[in-house]
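*Asks:* Counted from 1, the sequence shown has number 109 at position 109 by UniProt numbering; the numbering is strictly sequential.
By construction, the Cβ of each residue, glycine as well, lies at the ideal position given by its N, Cα and C atoms.
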Amino acid sequence: MFDNLTQRLGKVLTNLRGQGRLTEENIKETMREVRMALLEADVALPVVREFVDRVKQKAMGEEVMKSLTPGQTLIKIVNDELVQVMGEANESLDLTAQPPAVILMAGLQGSGKTTSVAKLSRWLQQQGKKKVSVVSCDVYRPAAIDQLQTLSKEVEANFIPSQGDEKPVKIAKRAMETAKRDFAEVLIVDTAGRLHVDGEMMEEIKQLHQVLDPVETLFVVDSMTGQDAANTAKAFNDALPLTGVILTKADGDARGGAALSIRQITGKPIKFIGVGEKTDALEPFHPDRIASRILGMGDVLTLVEEVSRKVDQDKAAKLAKKLQKGKGFDLEDFKEQMLQMSKMGGMSGLLDKLPGMGELPDHVKNQVDDKQVGRLIAIINSMTPHERAFPAVIKGSRKRRIAAGSGTQVQDVNKLLKQFTQMQKMMKKMKGGGMKKMMRGLGGRFPGGGMPGGGMPGGGGGFPF
Ligand code: GDP
Ligand code: MG
Numbered sequence: 001m002f003d004n005l006t007q008r009l010g011k012v013l014t015n016l017r018g019q020g021r022l023t024e025e026n027i028k029e030t031m032r033e034v035r036m037a038l039l040e041a042d043v044a045l046p047v048v049r050e051f052v053d054r055v056k057q058k059a060m061g062e063e064v065m066k067s068l069t070p071g072q073t074l075i076k077i078v079n080d081e082l083v084q085v086m087g088e089a090n091e092s093l094d095l096t097a098q099p100p101a102v103i104l105m106a107g108l109q110g111s112g113k114t115t116s117v118a119k120l121s122r123w124l125q126q127q128g129k130k131k132v133s134v135v136s137c138d139v140y141r142p143a144a145i146d147q148l149q150t151l152s153k154e155v156e157a158n159f160i161p162s163q164g165d166e167k168p169v170k171i172a173k174r175a176m177e178t179a180k181r182d183f184a185e186v187l188i189v190d191t192a193g194r195l196h197v198d199g200e201m202m203e204e205i206k207q208l209h210q211v212l213d214p215v216e217t218l219f220v221v222d223s224m225t226g227q228d229a230a231n232t233a234k235a236f237n238d239a240l241p242l243t244g245v246i247l248t249k250a251d252g253d254a255r256g257g258a259a260l261s262i263r264q265i266t267g268k269p270i271k272f273i274g275v276g277e278k279t280d281a282l283e284p285f286h287p288d289r290i291a292s293r294i295l296g297m298g299d300v301l302t303l304v305e306e307v308s309r310k311v312d313q314d315k316a317a318k319l320a321k322k323l324q325k326g327k328g329f330d331l332e333d334f335k336e337q338m339l340q341m342s343k344m345g346g347m348s349g350l351l352d353k354l355p356g357m358g359e360l361p362d363h364v365k366n367q368v369d370d371k372q373v374g375r376l377i378a379i380i381n382s383m384t385p386h387e388r389a390f391p392a393v394i395k396g397s398r399k400r401r402i403a404a405g406s407g408t409q410v411q412d413v414n415k416l417l418k419q420f421t422q423m424q425k426m427m428k429k430m431k432g433g434g435m436k437k438m439m440r441g442l443g444g445r446f447p448g449g450g451m452p453g454g455g456m457p458g459g460g461g462g463f464p465f
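#1: Could you check if D146 belongs to the surroundings of ligand 1, using beta carbon to heavy atom distance under 7 Å?
#2: Can you say whether S111 is buried or exposed, counting buried as having 16 or more other CB atoms within 10 angstroms of its CB?
#3: Is the Cβ-Cβ distance between A175 and V132 less than 8 Å?
#4: Give me the Cα-Cα distance between M60 and Y140, rounded to the nearest whole angstrom.
#5: According to DSSP, simplified to helix, strand and coil, what is L9?
#6: Using C-beta distances below 6 Å, list every residue in its chain close to L416, excluding the 5 sequence neighbours before and after it, in chain order.
#7: At a threshold of 7 Å, does T114 count as lining ligand 2 (C-beta to nearest heavy atom)?
#8: Just the C-alpha distance for G462 and S261, rounded to the nearest angstrom, thanks.
#9: Please indicate yes or no: does the CB of D251 lie closer than 7 Å to some heavy atom of ligand 1?
#10: So does the stretch 153–165 actually touch the stretch 199–208, counting three or more Cβ pairs closer than 8 Å?
#11: Starting from G27, trace the beta strand (DSSP E) in both directions and tell me its first and last residue.
#12: Excluding the 5 residues preceding and the 5 following P99 in the sequence, name in chain order all residues of the same chain whose CB lies nearer than 6 Å to its CB.
#13: Using DSSP with H/G/I as helix, E/B as strand and the rest coil, what is N158?
#14: Which residue marks the beginning of the beta strand (DSSP E) containing S133, and which one marks its end?
#15: Closer than 7 Å to a non-hydrogen atom of ligand 1 - does that hold for the CB of V275?
#16: Check whether the Cβ of T248 sits closer than 7 Å to any heavy atom of ligand 1, and report yes or no.
#17: Rounded to whole angstroms, what's the CA-CA distance from V413 to K399? Just pull it up for me.
#18: Among Q109, H286, Q411, G256, which one has its Cα closest to the Cα of M224?
#19: Who are the near neighbours of L240 in its chain, counting only those whose CB is closer than 7 Å to its CB and skipping five residues on each side?
#20: Give me the Cα-Cα distance between F390 and E154, rounded to the nearest whole angstrom.
#21: From the DSSP output, read off the bridge partner residues of T217.
#22: Could you check if residue 471 belongs to the surroundings of ligand 2, using beta carbon to heavy atom distance under 7 Å?
#23: Can you name the start and end residues of the beta strand (DSSP E) that T178 belongs to?
#24: When the distance is taken between beta carbons, is V117 closer than 8 Å to I188?
#25: Using a Cβ-Cβ cut-off of 8 Å (strictly less than) and excluding sequence neighbours within five positions of K56, which residues of its own chain qualify?
#26: According to the neighbour-count rule (16 or more other Cβ atoms, all chains shown, within 10 Å of its Cβ), is Q422 buried or exposed?
#27: I need the straight-line Cα distance from L95 to L212, nearest angstrom please.
#28: Can you check whether the CB of Q109 is closer than 8 Å to the CB of G199?
#29: Using a Cβ-based criterion (distance less than 7 Å to any ligand heavy atom), does V220 qualify as near ligand 1?
#30: For V189, decide whether its Cβ has a neighbour in chain E, counting only Cβ atoms nearer than 8 Å.
#31: Taking only three categories from DSSP, how would you classify P99?
#32: What are the partner residues of G244, as DSSP defines its beta bridges?
#33: List the residues that DSSP assigns as beta-bridge partners of L319.
#34: Closest by CA to F236, which one among V220, A250, L247?
#35: To the nearest angstrom, how far is it from the Cα of E177 to the Cα of D253?
#36: Sorry if obvious, but does the Cβ on G110 come closer than 7 Å to a heavy atom of ligand 1?
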């Protein structure tokens, strides 16, 4: 996510990190480069201008010039300004209303509305313990209603059927009645994609808004459209009172211009970001955490939340206990680790959130290949229980058998054993402290040293990655 921007800003700011003194000259030079980096990230020009002006103003102030670590201080100013531009704090959904609280989705075709309906349902049911119903008012594409039905089954939301020959407003009215009767707490209404210049279609969604009286009207927009995302959001908001934005496909967006422009251009908060095609790939949008990711300082808080949400706590606790007792970490445990990891969106998803990873050269990052995880698991599956518990017995003929059984080469088996041995070493080091120790290690990479408040906020204890 936002890799290009991270790399560009990273380069500019690393140059400053070591400098003993800041002069007016090198602040100006740095700000020129920051400006270029933002423009390349497709941040809207007025936003870039204001950003650079504000940072410059603060940087020229006494505080920085006198500071003992001017480079660090300037990075902090940039960080604070990034947070500011994206809206300071996370704004969550406000669902206080007579149930069902209605969420209306709007946006262009293919922006990710239907997927986001499913993601939100899942999130609201899991995190908010809400009873959610969904309905599709997209009568223009025949498969659209089926798509929502399939997805809602997957996330176990209550699907209210609709037909392609019904009028959207009629569907909406009926869905309200059904949702009330079912005691649904939230009703999420999916709509057809539309362009803000299409008068008829905009009239339709205005009517839907009137009938449904939603507490949340969310504009769903593709992150890869950059600053255009902010402009279309603004145009929609002129016709429809939006309460927030869901920024989708942030996983594939190297630039980040949309995330940085939307708040300033529209005045509306980004409430969530979509970070993948799967229904669990939705994150509440925290400006401070995203700023930290952009500056290559990682997002350990989101990582920790994800770990405690997705990892099988029982299994993690069992493994931690086993390691504490001094019993070895074996191939069965290794396999379990890889399964857990792929549950969390794979290595590439994790890397994104670890501090300092932005500085890794591309060829190293590219080595992280999530498909490989499937192959590693296949290799372990081809081993006997005895081999998994005592990897040392895996020699020549066993290696050939395992390779044949998993459709791989002996060198793949060797590679796995090597990775396993490295992991085993790491586990020994972390014995007893688990993730806490690792976080402390990472803490050294944070500016100012250590995580805010020190230590770990809830959950994840003993998780041994
Ligand atoms: P709609 O036309 O607005 O309803 O868009 P859909 O929900 O049908 O999504 C269009 C395409 O975008 C689908 O292939 C989705 O899988 C994909 N998509 C939606 N959200 C995300 C996301 O956050 N990340 C990625 N990578 N793909 C997404
Ligand atoms: Mg759709």
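*Replies:* With the structure as the only source:
#1: On the sequence shown, residue 146 is found 146 positions in, with the first residue counted as 1. No, Cβ of D146 sits at least 7 Å from all heavy atoms of ligand 1.
#2: Stepping through the sequence shown from its first residue, residue 111 is reached at position 111. The residue is buried, with at least 16 neighbouring Cβ atoms inside 10 Å.
#3: Counting from one through the sequence shown, the residue named residue 175 turns up at place 175. Counting from one through the sequence shown, the residue named residue 132 turns up at place 132. Contact flag unset, no.
#4: Indexing the sequence shown from 1 puts residue 60 at position 60. Indexing the sequence shown from 1 puts residue 140 at position 140. Roughly 56 Å between the two C-alpha positions.
#5: Here residue 9 refers to the residue found at position 9 of the sequence shown. Helix, per DSSP.
#6: Looking up residue 416 in the sequence shown gives position 416. Within the same chain, L416 has close Cβ partners L376, I379.
#7: Translated into the one-based positions of the sequence shown, residue 114 becomes position 114. T114 Cβ: within cutoff of ligand 2.
#8: Looking up residue 462 in the sequence shown gives position 462. Looking up residue 261 in the sequence shown gives position 261. Below a pLDDT of 50, predicted positions are generally treated as unreliable, and G462, at 29, falls in that range; the measurement from the model is reported next regardless. Distance from the CA of G462 to the CA of S261, rounded to the nearest whole angstrom, comes to 39 Å.
#9: The sequence position of residue 251 within the sequence shown is 251, counting from 1. Ligand 1 has a heavy atom closer than 7 Å to the beta-carbon of D251.
#10: Too few Cβ pairs lie closer than 8 Å, so no.
#11: Taking the first residue of the sequence shown as position 1, residue 27 is located at position 27. Reading off the sequence, residue 27 comes out as Ile, not Gly. Looking at the DSSP string, I27 is not in any beta strand (DSSP E); the run it does join, the alpha helix (DSSP H), is 24–40.
#12: Locating residue 99 in the sequence shown gives position 99, counting from the first residue. Taking P99 as the centre and dropping the five residues before and after it, the same chain places the C-beta of E185 closer than 6 Å to its C-beta, in chain order.
#13: Mapped onto the sequence shown, residue 158 falls at position 158. It is a strand residue.
#14: Position 133 of the sequence shown holds residue 133. For S133, the enclosing beta strand (DSSP E) covers residues 132–136.
#15: Sequence index remark: in the sequence shown, residue 275 carries index 275 (1-based). Because some heavy atom of ligand 1 lies under 7 Å away, the Cβ of V275 counts as near it: yes.
#16: Locating residue 248 in the sequence shown gives position 248, where the first residue counts as 1. Correct: T248 has its Cβ closer than 7 Å to ligand 1.
#17: Along the sequence shown, one-based indexing puts residue 413 at 413. Along the sequence shown, one-based indexing puts residue 399 at 399. Approximately 7 Å, taken between the alpha carbons.
#18: Residue mapping note: residue 224 aligns to position 224 of the sequence shown, counting from 1. If we check each option's Cα against that of M224, G256 comes out closest.
#19: Along the sequence shown, read from residue 1 onward, the residue named residue 240 stands at position 240. The residues are A106, I205, K206, H209, T217.
#20: Taking the first residue of the sequence shown as position 1, residue 390 is located at position 390. Taking the first residue of the sequence shown as position 1, residue 154 is located at position 154. Their backbone Cα atoms lie some 39 Å apart in a straight line.
#21: Looking up residue 217 in the sequence shown gives position 217. Within the DSSP secondary-structure output, T217 pairs in a beta bridge with L104.
#22: Since the displayed the chain opens at 1 and closes at 465, residue 471 lies outside it and no answer follows.
#23: Residue numbering aside, residue 178 sits at position 178 when the sequence shown is read from its first letter. Unbroken run through T178 is the alpha helix (DSSP H), 168–181; no beta strand (DSSP E).
#24: The sequence position of residue 188 within the sequence shown is 188, counting from 1. The sequence position of residue 117 within the sequence shown is 117, counting from 1. Less than 8 Å separates the beta-carbon of I188 from that of V117.
#25: One-based indexing of the sequence shown puts residue 56 at position 56. Here K56 has I27, K28, M31 as same chain residues with Cβ atoms under 8 Å from its own Cβ, once five neighbours each way along the sequence are excluded.
#26: Walking along the sequence shown from the start, residue 422 turns up at place 422. In the assembly as shown, Q422 is an exposed residue. Its beta-carbon has fewer than 16 other beta-carbons within 10 Å.
#27: Indexing the sequence shown from 1 puts residue 95 at position 95. Indexing the sequence shown from 1 puts residue 212 at position 212. Near 14 Å, if we compare the C-alpha coordinates of L212 and L95.
#28: Position 199 of the sequence shown, counted from the first residue, corresponds to residue 199. Position 109 of the sequence shown, counted from the first residue, corresponds to residue 109. In this structure, G199 keeps its C-beta atom at 8 Å or more from the C-beta atom of Q109.
#29: As a working note, residue 220 is residue 220 in the sequence shown. Yes, the Cβ of V220 comes within 7 Å of a heavy atom of ligand 1.
#30: In the displayed structure, chain E is absent; only one protein chain is listed.
#31: The residue given as residue 99 occupies position 99 in the sequence shown. Coil.
#32: Against the sequence shown, residue 244 aligns to sequence position 244. Its beta-bridge partners are L218.
#33: Within the sequence shown, the letter at position 319 stands for residue 319. Bridge partners of L319: none, in fact.
#34: On the sequence shown, residue 236 is found 236 positions in, with the first residue counted as 1. Nearest C-alpha to F236 among V220, A250, L247: V220.
#35: Residue 177 sits at position 177 when you count from the first residue of the sequence shown. Residue 253 sits at position 253 when you count from the first residue of the sequence shown. Those two C-alpha atoms are separated by around 40 Å.
#36: For the purposes of this step, residue 110 is taken as residue 110 along the sequence shown, with counting starting at 1. Yes - ligand 1 has a heavy atom lying nearer than 7 Å to the Cβ of G110.
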